[in-house]
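K.L.:
In the order they appear, the protein sequences are chains A and B. If you count the first sequence from 1, you need to add 311 to reach this note's numbering. If you count the second sequence from 1, you need to add 71 to reach this note's numbering.
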Amino acid sequence: MIKSGRAVVFPALLCSVPFLLVLLILMMPQSALVGDADVQLPHLRIVYGEEQALSDGTVMLPLEIHCENIQRRNCLENLSAVTVGVASLPAFGPSVKQTKPLVYQATPVIRTGGRWMIQLSTGSPRSFAVRVQARSAINGKTICLTAETNCFVFGRKRGAKAESKAETLTPAWFFGLGMSINPPFYYWPQTETPLEVTLCLGRRVLPKTMITVFDESFQPTRYLTDSAGRVVYVPPDDPALNRLSEKAAKQVFLVSVHNEGNDCFVATRTLRLHRNRLSHFQSDMGLVLFGATATITGGTVIWMRRKGRQA
Amino acid sequence: MNITNLRAALQLLFFAVLTYGGRAGLRLGHALPCFSCPYVSGCAGQCYLMALQNSFWGMEMPLAAIFTSRGLEALLVLTGFLLLTLLLGKIWCGWICPFGTLQDWIAALRRKLGIRESQWSWMQTDRLKPVKYAFLALLLVIPLFIAHMGLHDDFTLPFCQMCPAKPVMPLFAGRTDYFSIDTTNSITIFMTSLSMVLAAIFLVGMFFKDRFFCIFCPLLALISIFDRIGFVRFSKNVKTCIGCANCQRICPVDIRSVHTETSKQNVMSPECLACMKCAESCPTDGTLSFQWLRWTLFTSSFAGAIRKLAGGRSR
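#1: Along the stretch 221-234 of chain B, what residues have a CB closer than 9 Å to any CB found in chain A?
#2: So which residues of chain A does asparagine 125 of chain B contact, with C-beta pairs closer than 8 Å?
#3: According to DSSP, is leucine 365 of chain A part of a helix, a strand, or is it coil?
#4: With a threshold of 8 Å between beta-carbons, can glycine 424 of chain A be considered close to chain B, or not?
#5: Using a Cβ-Cβ cut-off of less than 9 Å, list which residues of the stretch 132-155 of chain B approach chain A; keep chain order.
#6: Check whether the Cβ of alanine 605 of chain A lies closer than 8 Å to any Cβ atom in chain B.
#7: Assuming the contact rule is C-beta atoms closer than 8 Å, phenylalanine 106 of chain B and cysteine 114 of chain B should be a hit. Round their C-beta distance to whole Å, please.
#8: What do you get for leucine 337 of chain A, buried or exposed, if any count of 16 or more other CB atoms within 10 angstroms of its CB means buried?
#9: With a 10 Å radius around its C-beta and 16 neighbouring C-beta atoms as the bar for buried, classify threonine 606 of chain A as buried or exposed.
#10: Between leucine 334 of chain A and the rest of its own chain, which residues show a CB-CB distance below 6 Å, the 5 nearest in sequence each way excluded?
#11: Below 9 Å between beta carbons is the criterion; list the residues of the stretch 577-593 of chain A that meet it against any residue of chain B, in chain order.
#12: What do you reckon, are the CB atoms on lysine 468 of chain A and aspartate 549 of chain A nearer than 8 Å?
#13: For leucine 123 of chain B, count the other beta carbons within 10 Å of its own beta carbon; 16 or more makes it buried, fewer makes it exposed. Which is it?
#14: Tell me the DSSP bridge mates of methionine 521 of chain A?
#15: Mark leucine 344 of chain B as exposed unless 16 or more other C-beta atoms lie within 10 angstroms of its C-beta, in which case mark it buried.
#16: Use the C-beta contact count for glutamate 361 of chain A: other C-beta atoms within 10 angstroms, 16 or more gives buried, fewer gives exposed.
#17: Nearest to valine 464 of chain A by CA position, among A:Gly572, A:Lys618, A:Thr369, A:Thr604, is which residue?
#18: In three-state terms, what does DSSP make of leucine 600 of chain A?
#19: Would you say leucine 387 of chain A faces chain B, with C-beta separation under 8 Å as the test?
#20: So, using beta-carbon positions, are leucine 598 of chain A and phenylalanine 250 of chain B closer together than 8 Å?
#21: Under 8 Å: do the stretch 557-576 of chain A and the stretch 511-531 of chain A share three or more Cβ pairs, one atom per stretch?
#22: Just the C-alpha distance for leucine 215 of chain B and glycine 540 of chain A, rounded to the nearest angstrom, thanks.
#23: When you compare each of B:Glu332, B:Phe278, B:Gly375, B:Phe302 to arginine 365 of chain B by their alpha carbons, which one comes out closest?
#24: Going along chain B, which residues have a C-beta under 8 Å from threonine 608 of chain A?
#25: For the stretch 351-368 of chain A, which residues have a CB atom closer than 8 Å to at least one CB atom of chain B, in sequence order?
#26: How about aspartate 356 of chain B and phenylalanine 369 of chain B: do their beta carbons lie closer than 8 Å?
#27: What residues from chain A crowd round valine 268 of chain B, counting only those whose CB sits closer than 7 Å?
#28: Specify, as a first and last residue, the run of the beta strand (DSSP E) that histidine 354 of chain A falls within.
#29: Within the 8 Å Cβ cut-off, does aspartate 248 of chain B reach chain A?
#30: Using a Cβ-Cβ cut-off of less than 9 Å, list which residues of the stretch 174-205 of chain B approach chain A; keep chain order.
#31: Would you verify that the beta carbon of glycine 540 of chain A is, or is not, closer than 8 Å to some beta carbon of chain B?
#32: Could one say the Cβ of serine 556 of chain A lies closer than 8 Å to chain B's Cβ atoms, at least one of them?
#33: Would you mind giving the Cβ-Cβ distance between serine 189 of chain B and phenylalanine 261 of chain B, rounded to the nearest angstrom? I have them listed as a contact below 8 Å.
#34: Residues of chain A with CB closer than 8 Å to the CB of isoleucine 213 of chain B, please, in chain order.
#35: If serine 435 of chain A and glycine 466 of chain A are in contact, beta carbons under 8 Å, what's the gap, nearest whole angstrom?
#36: Name the chain A residues whose beta carbon is nearer than 7 Å to that of threonine 255 of chain B?
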């Protein structure tokens, strides 16, 4: 019996709805986050701009502050109490084994055409720790937003001395979640290098808290902090990054949300990851090639010497 | 103490100072005219070839930076190199260079094992002379291509990447990393493979031939440009020369011109390392002498040659 066209199309459409839904979800880049109320909150992000080397040797690194919710809608205008603190240390030497607490100094936010920027400028090689703090509110709930990053800027200005007349921020300045990484100032973050991420609220570490890592294409991976509030994150090797220059980097974002009473804390850390310098070193291959060449060369020299002696 | 022993002692001292001095806080800068390899962690100073190639002070520097304080800094490093070169000239090669010292140690091991040195014909020696200038040209041109022609950054420091000192010298600081192939991408595979091949060839070469690497050394080529205006002079009194050819036989880099020169007083050739072995083995008083400006550093003497002969030291 042949059914009417309408009778065939309608059940077929009905059956395809779940498949279409699955397909739609798979196609959405933030699919894993849909339905996750926590990450739908706005979050601050520090996004690296293009580093500019000025003619006098000063290097300027622009950082852009983004505030977005999951729909990637700009929420910058909803923020209040926005402050930026920048701590800076010499890039080489003691900063690598930094033990003292960092001294943050207030840094102005440059607002142009709806974009919020911070400019890190240095004439000498320095490492920077940047922390942005802000507040927002959704449905009567206070949201404390923080964004952090660490970076190196290799200024080359002759006779440059680091001096700053900016206001030093007291410990009372800090609010919101802190997401620190260890090692804090190890050269620059590289793929395949374990980074220990610790989540703190004030001096209290936050165990069993979710940290979501968004890679460069915003694909999320989730980690749960251990009882000491730590997570060891190993950025995976990236063949695309390996093909580029050693200076090339990609940006990865770590996001965590913590609710306490009527307050909600959202912390973001930006990692500017470079390719790993040493992990691709294959000593076996190197020694085999070295040994083979040495054997062939040595053998040839001995053979030629014997041939010469016979002649 | 004869000149051979004095040189051996000073070579050991400079090797230790340049290789480990950085650990004691010694910083001699980036303009040293010898292979004080920057890949050795804790080295006291750095070979000028690295500064000459890099993007801070060298050929890879963008054009816009030349007429700024960065250009001035590059000029200061170059001035430092020039001053050190003018001051000590080839003495850097024969007496100070840690990689040269290593070559002498390897040659000494060969002699201990009773293996004779490989002998090359003059034609072979002459054919190999231009190779060091080719290396020098490459290390000057490739950074320019990186800076201005879009050549991939992984070719940066081209000579350092293929220099045999890069894998070998860090061994003295306990690092074996550079005896590896870097599989990051095709360029790093190529460059590190080349480094391994050249390191093997040069190490074997150093064993069978005295100062084998010096024949190809671009830094020697660079230093020799300033031979004429340098403070270190090597002169020959052609009137007193008896033509024994001891100087030619003893020379680690097979220089003929000292023996064959019949008119000119200045016998400093581009290949000369100022090791002074020729002057030490010359049996005529005052025929060969090394001077620093007007002061004599060392001069040949019959007594000295006899002493060397009695000491039984070969090359």
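Even for Gly, the Cβ is constructed at its ideal location relative to N, Cα and C.
P.N.:
The short version:
#1: His223, Asp224, Asp225, Thr227
#2: Chain A residues near asparagine 125 of chain B: none, gap ~11 Å exceeds 8 Å.
#3: If DSSP states are grouped into helix, strand and coil, leucine 365 of chain A belongs with coil.
#4: no
#5: Shown in chain order are the members of the stretch 132-155 of chain B whose Cβ falls below 9 Å from a Cβ of chain A: Pro133, Ala135, Ala136, Phe138, Thr139, Ser140, Arg141, Leu143, Glu144, Leu147.
#6: yes
#7: About 10 Å separates the beta carbon of phenylalanine 106 of chain B from that of cysteine 114 of chain B, a gap too long to meet the 8 Å contact definition.
#8: Low confidence applies here, because leucine 337 of chain A scores a pLDDT of 43, under 50, leaving its location unreliable; read the following figure in that light. That one is exposed.
#9: exposed
#10: Any reading at leucine 334 of chain A is ruled out, since the residue's pLDDT is 47, under 50, leaving its predicted position unreliable.
#11: Answer in chain order: Arg586, Asn587, Arg588, Leu589, Ser590, His591, Phe592, Gln593.
#12: Using a Cβ distance threshold of 8 Å, lysine 468 of chain A and aspartate 549 of chain A do not count as a contacting pair.
#13: buried
#14: A:Leu535
#15: buried
#16: Here glutamate 361 of chain A is exposed: its Cβ has fewer than 16 other Cβ atoms, across all protein chains shown, within 10 Å.
#17: A:Thr369
#18: helix
#19: no
#20: yes
#21: yes
#22: 50 Å
#23: For arginine 365 of chain B, the nearest C-alpha among the options comes from B:Phe302.
#24: Ala271, Ile272, Val275, Gly276
#25: Ala364, Ser366, Asp367, Gly368
#26: no
#27: Taking the beta carbon of valine 268 of chain B as reference, the chain A residues within 7 Å of it are Leu600, Thr604, listed in sequence order.
#28: Histidine 354 of chain A: member of the beta strand (DSSP E) spanning 354-359, first to last residue.
#29: yes
#30: Arg187, Ser189, Gln190
#31: no
#32: yes
#33: At roughly 30 Å, the Cβ-Cβ gap does not stay under 8 Å, so serine 189 of chain B and phenylalanine 261 of chain B are not in contact.
#34: None at all; the shortest Cβ gap to chain A is about 15 Å.
#35: Between glycine 466 of chain A and serine 435 of chain A the Cβ distance is about 5 Å, and since that is below 8 Å, they are a contact.
#36: Asn553, Arg586, His591
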